[in-house]
Amino acid sequence: MLAKFKSAAIAGVASLVVAGVLVSSPVMAQDNTMSASHIEAAKAAVRATKSIENFDNILPDVAERTRTLFIRSNPAMSAEIDIAVNEAAVELIPRRQELDRVIYEVWARRFSEEQLNEIATFYNSDTGKRLANLSGTLSALTIGAAKQWSDAISTDLVAIARKKLAAMAVQ
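When the letters of the sequence shown are read in order and numbered with mature numbering (1 follows the signal peptide of the UniProt record, and there is no 0), they come out as residues -29 to -1, 1 to 142.
In structure tokens, the structure reads:
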């Protein structure tokens, strides 16, 4: 049931977060003049780049935190809480579309329709698909390499500065 819930629940809670952001977002204050084809191009680019897949666990994660919160308050009702939270989360699944729509609009505001089509074309190519599939791994490895380099440079900088300070003290 949990696996079924997780795959179904992916859609909803993200929209709760986005709904709050939308109410106060300057994006909402902008003139909404994007054509349907521009939004469709953004949708194609976003999906091709797999940019929204990282948000698939928002609803299950929020449901789990909600479940934990209620169970801490009343552990004797854990079975009922589990049912109620699962049902509530399933009700929110359709709201994932709200998050997706906002993400498409974010991309559409930053790229022309032509650019979005070019992005989608690239990411639908074999090379683009490979890049999309490896982007998380590449990002993690890149950040790790930068951290490792930063640590090494820091150590070297301290050593060089100590030598220079020692030389100054001798003079």
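Using N, Cα and C, we set each Cβ at its ideal position, and we do this for glycine too.
Fill in: Status (buried if at least 16 other CB within 10 Å, exposed otherwise) for D20
Note on identity: in this sequence residue 20 is Thr, with Asp being the wrong assignment. Buried, since its Cβ has 16 or more Cβ neighbours within 10 Å.
Worksheet item: Can you find a CB in chain C that lies within less than 8 Å of the CB of S49?
Response: Looking at the structure shown, chain C is missing, and only one protein chain is on hand.
Worksheet item: Which class does T4 belong to by DSSP, given the choice of helix, strand or coil?
Response: Assigned with DSSP and collapsed to three states, T4 falls in coil, not helix or strand.
Worksheet item: What's the gap between the Cα of T126 and the Cα of K135?
Response: Distance between the alpha carbons of T126 and K135 is about 14 Å.
Worksheet item: What residues in its chain sit with their C-beta under 8 Å from that of A(-1), if we drop five residues either side in the sequence?
Response: With a pLDDT of only 41 at A(-1), under the threshold of 50, the placement of this residue in the model should not be trusted, and no figure is reported.
Worksheet item: What are the start and end residues of the alpha helix (DSSP H) that includes P31?
Response: Run containing P31: I29 to S44, per the alpha helix (DSSP H) assignment.
Worksheet entry | Alpha-carbon to alpha-carbon, I23 and L109 | The alpha-carbon of L109 is positioned some 17 Å away from that of I23.
Discussion item. Using the Cβ count rule (16 or more neighbours within 10 Å means buried), how would you classify residue 157?
Written reply: Coverage of the chain is limited to positions -29 through 142, which leaves residue 157 absent and any answer about it impossible.
Discussion item. If you measure between the beta carbons of W78 and A130, is that distance less than 8 Å?
Written reply: In this structure, W78 keeps its C-beta atom at 8 Å or more from the C-beta atom of A130.
Worksheet item: In three-state terms, what does DSSP make of I23?
Response: I23: coil per DSSP, three-state reduction.
Discussion item. Let's test the definition: count the other Cβ atoms within 10 Å of the Cβ of P46 and tell me whether it reaches 16, buried, or not, exposed.
Written reply: Flag for P46 reads exposed.
Worksheet entry | Three or more C-beta pairs below 8 Å linking the region 3 to 14 and the region 27 to 46 | Not touching, per the Cβ criterion.
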